[in-house]
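The working numbering puts the first residue of the sequence shown at 3, with every later residue one more than the last.
Glycine is no exception: its CB is placed at the ideal position from the N, C-alpha and C atoms.
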Amino acid sequence: MPRTYVVTGSASGIGRATADLLAERGHRVIGVDLHDSDVDVDLSTEQGRADLVSGVADASGGRIDAIIANAGLAVPIAKAAAVNYFGALATLDGLRPLLAGSASPRAVATASMASVFPPDEALLEAFLAGDETAATARAAELEAGSAEQANLIYGTSKRALVRWIRRLAPRPEWAGAGIPLNAIAPGVVETPMTAQYTGTDEARTAILEMVPMPLNGIFQPRDVAYLLAWLTSEENAHLCGQVVFIDGGSDAIIRGDATW
3 MPRTYVVTGS ASGIGRATAD LLAERGHRVI GVDLHDSDVD VDLSTEQGRA DLVSGVADAS
63 GGRIDAIIAN AGLAVPIAKA AAVNYFGALA TLDGLRPLLA GSASPRAVAT ASMASVFPPD
123 EALLEAFLAG DETAATARAA ELEAGSAEQA NLIYGTSKRA LVRWIRRLAP RPEWAGAGIP
183 LNAIAPGVVE TPMTAQYTGT DEARTAILEM VPMPLNGIFQ PRDVAYLLAW LTSEENAHLC
243 GQVVFIDGGS DAIIRGDATW
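(1) In or out: Glu145 buried (at least 16 other Cβ within 10 Å) or exposed?
(2) What's the C-alpha gap between Met3 and Gly28?
(3) With a threshold of 7 Å on Cβ separation, who are the neighbours of Gln151 within its own chain once the five nearest residues in sequence on each side are excluded?
(4) Comparing alpha-carbon positions, which option in Leu217, Ser104, Asp95 and Val58 lies nearest Gly180?
(5) Drop a sphere of 10 angstroms on the beta-carbon of Thr234, count the other beta-carbons inside from all chains shown, and report buried for 16 or more, exposed for fewer.
(6) CB Ile2 to CB Leu101, shorter than 9 Å?
(7) Taking only three categories from DSSP, how would you classify Arg140?
(8) Could you check how far apart the C-beta atoms of Ala231 and Thr20 are, in whole angstroms? I think they sit under 8 Å.
(9) Please name the residue, chosen from Met195, Arg224, Phe221 and Val190, that lies closest to Ala208 on a Cα-to-Cα basis.
(10) Spell out the partners DSSP gives Ala111 in its beta bridges.
(11) List the whole-angstrom C-beta distance separating Leu41 from Ala61, where the pair is believed to meet the contact cut-off of C-beta under 8 Å.
(12) For the structure I just gave you, are there three or more beta carbon pairs, one from the region 208 to 225 and one from the region 245 to 260, closer than 8 Å?
(13) Cα-Cα, which of Thr10, Leu183, Val164 and Leu97 is closest to Arg65?
(14) Could you check which residue in Glu134, Val58, Pro121 and Leu126 has the C-alpha nearest to that of Thr47?
(15) Hey, out of Val77, Ile16, Val164 and Arg140, whose CA is closest to Ala128's CA?
(16) For the region 114 to 129 against the region 157 to 170, do three or more pairs of beta-carbon atoms, one drawn from each stretch, fall closer than 8 Å, so that the two count as touching?
(17) Which of the three DSSP states is assigned to Ile66 in this structure?
(18) Can you check which of these residues, Arg169, Asp203, Ala84 and Ala197, is closest to Cys242 by C-alpha distance?
(19) Secondary structure at Ile1, three-state DSSP: helix, strand or coil?
(20) Please classify Tyr87: is it buried, with 16 or more other beta-carbons within 10 angstroms of its beta-carbon, or exposed?
(21) Report the three-state DSSP secondary structure of Ile220 (helix, strand or coil).
(22) Please state the DSSP three-state secondary structure of Asp249.
(23) Who are the Cβ neighbours of Thr196 in its own chain at under 7 Å, not counting the five residues just before and after it?
(24) With a threshold of 16 other CB atoms inside 10 Å of the CB of Gln265, please say whether the residue is buried or exposed.
(25) Between the alpha carbons of Ile255 and Pro174, how many angstroms are there, rounded?
(26) Helix, strand or coil: which one does DSSP assign to Asp22?
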């Protein structure tokens, strides 16, 4: 039966591939992005987040079946903190009431295998406290620092996101309402946003030294789309608060037999 999906970050990369896949399968997709989507908003701003909710409500008629909170920035700038964490939470929390009319409501967020890397503790604390002012200020300090410091913004934002999902997924408003809430953690995916890491042989060699992916190496957005489609399908009725690594084996190598 056709379902109604909301996909953020739908104009390119994983979001575009997921929206295309779902449409090919006969579902209705409401795409959200900065441009070239059904609902054009900036998730780094409070106004953009409010416009997301109202825009999706209008476009859907007030009822959706699944949320795919995929929008994010993989660049070492302070704005990534706003989009990757606060924008994702606003998407999931803001659109959750629209799932109430679905027989099989589902929600998933796109995190990253970078969530296993050591975070910036001050930024992580600000995220988990819900203090966007403090998080923005700390992210700006990291951006202005060394390249190594700036690179902490992305991984820390994704670490905070998966911790939020682990904490919230079993609660009454999610699991108690019959909504499986989960996340995926991709490895290196070849998208316009990762071109600096995948665009040359030298760059690919360097990123694979940091993120070893022995199973088939760097992959395409469509491969991630298949996983997102299943996690938000009717078939997935029991995964709760799981972070599914689709990373060619990097998590298994980096963390070994430790699961947390």
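With the structure as the only source:
(1) buried
(2) Their backbone Cα atoms lie some 8 Å apart in a straight line.
(3) Leu144
(4) Ser104
(5) Classification of Thr234: buried, given that the 10 Å Cβ count is 16 or more.
(6) Outside the displayed range of the chain (3 to 262) lies residue 2, so it cannot be described from this structure.
(7) helix
(8) The distance from the Cβ of Ala231 to that of Thr20 is about 7 Å, consistent with a contact at the 8 Å cut-off.
(9) Val190
(10) Ala71 and Ala185
(11) Correcting the residue identity first, residue 41 is Val in this sequence and not Leu. Indeed, because the Cβ distance is near 6 Å, the residues count as touching under 8 Å.
(12) yes
(13) It is Leu97.
(14) Glu134
(15) Arg140
(16) yes
(17) coil
(18) Minimum Cα distance to Cys242 is reached at Arg169.
(19) Look at the range of the chain in this structure, 3 to 262, and you will see that residue 1 is not part of it.
(20) Under the 10 Å beta carbon count, Tyr87 is surrounded by 16 or more other beta carbons and is classified as buried.
(21) When secondary structure is reduced to three states using DSSP, Ile220 falls in the coil class, being assigned neither helix nor strand.
(22) coil
(23) Same-chain partners within the cutoff: Ala76 and Val190.
(24) This structure leaves residue 265 out entirely; the chain is present only between 3 and 262.
(25) 35 Å
(26) helix
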